[in-house]
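Below is one structure, written out as structure tokens; comments come after it.
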Amino acid sequence: MPIDSERLRLRPVSPDDVDRLLELDSDPAVMRFVSGGEPTGRSTVRDWVIPRSQAQFSACGTGLWTMTARRGGEFVGWVHLRVPRHSSARELELSYRLHRRFWGGGLAAEASAALIAVTFLTSDTERVFASTHTDHTASQRVMTKLGMRLSAGSLTHERLSPDVVDGDVEYEILRDHWLRTRGRHSARPATAIRRA
1 MPIDSERLRL RPVSPDDVDR LLELDSDPAV MRFVSGGEPT GRSTVRDWVI
51 PRSQAQFSAC GTGLWTMTAR RGGEFVGWVH LRVPRHSSAR ELELSYRLHR
101 RFWGGGLAAE ASAALIAVTF LTSDTERVFA STHTDHTASQ RVMTKLGMRL
151 SAGSLTHERL SPDVVDGDVE YEILRDHWLR TRGRHSARPA TAIRRA
């Protein structure tokens, strides 16, 4: 059940992706706003990340999607659309992670736009949201490019030192807003997202 966008093919993560995910997470720059630059361990990816995503795909048709270039098949990174823990609302949480060599090329927005389109066209999801570190301006630009807006009251922060702020900011896009503004991003839906 792949999803194709203009330059990318998205497919559900599988056990064959362990080494790809580990390589991605071994770059301190990629992990800077995730874990302070620390890599993810093999057992975490193999025994927790992939099985959990596969269970979510079985339950609701979405989870962790690998991104590969349609031309050449190179692994670009991943995009994740998941049911948030501790939420009964009709909402999904978006996240993404790309190899550094693909930063700045619009691929995170392209993959995310494809998943958001499939979600709003094939499910009863009312809201997709994403959060990032307050200092992660590149990720915030992706979110605004998707038509997401800052959530009311979403900014939380704590000043750790005069030059370091620790906290998150949340962006969202609502179904009604997406339906009014769709067409800005290319996506060819090839699957359906369903809720558990």
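Residues in the sequence shown are numbered from 1 upward in steps of one, following UniProt numbering.
Every residue, glycine too, gets a C-beta built ideally from N, C-alpha and C.
Cβ-based burial, residue i [other Cβ within 10 Å; buried from 16]
i    : result
H80  : buried
M1   : exposed
S88  : exposed
S35  : exposed
A29  : exposed
S14  : exposed
R127 : buried
T119 : buried
D176 : exposed
W178 : buried
D16  : exposed
A138 : exposed
G104 : exposed
G72  : exposed
Host beta strand (DSSP E) of residue i (start-end)
i           : result
residue 215 : This structure cannot settle anything about residue 215, because the visible part of the chain is limited to 1 through 196.
P2          : Where P2 is concerned, there is no enclosing beta strand (DSSP E), given that its DSSP letter is neither H nor E.
Where the alpha helix (DSSP H) containing residue i begins and where it ends
i    : result
R146 : Note that residue 146 is Leu in the sequence shown here, rather than Arg. Here L146 belongs to no alpha helix (DSSP H), and DSSP marks it neither H nor E.
W78  : Unbroken run through W78 is the beta strand (DSSP E), F75 to R82; no alpha helix (DSSP H).
T134 : Here T134 belongs to no alpha helix (DSSP H), and DSSP marks it neither H nor E.
S53  : I50 to C60
P178 : According to the sequence shown, residue 178 is Trp rather than Pro. Counting along the chain, the alpha helix (DSSP H) containing W178 begins and ends at R175 to T181.
Check whether residue i and residue j have beta carbons under 8 Å apart
i    : j    : result
R100 : D27  : yes
R182 : A117 : yes
I173 : L146 : yes
R85  : D124 : no
E38  : E110 : no
M67  : L107 : yes
L22  : R42  : yes
F102 : R20  : no
D168 : T132 : yes
D4   : R70  : yes
V49  : L64  : yes
Y171 : A130 : yes
Bridge partners - residue i, DSSP secondary structure assignment
i    : result
S35  : None, per the DSSP bridge assignment.
R97  : W78
E126 : Its beta-bridge partners do not exist; DSSP assigns none.
L8   : A69
L21  : DSSP lists no partner for L21.
E91  : R127
Do the region 42-62 and the region 94-114 meet, that is, are 3 or more Cβ pairs less than 8 Å apart? no
Could you tell me whether the region 71-80 touches the region 5-23, using the rule of 3 or more Cβ pairs below 8 Å? yes
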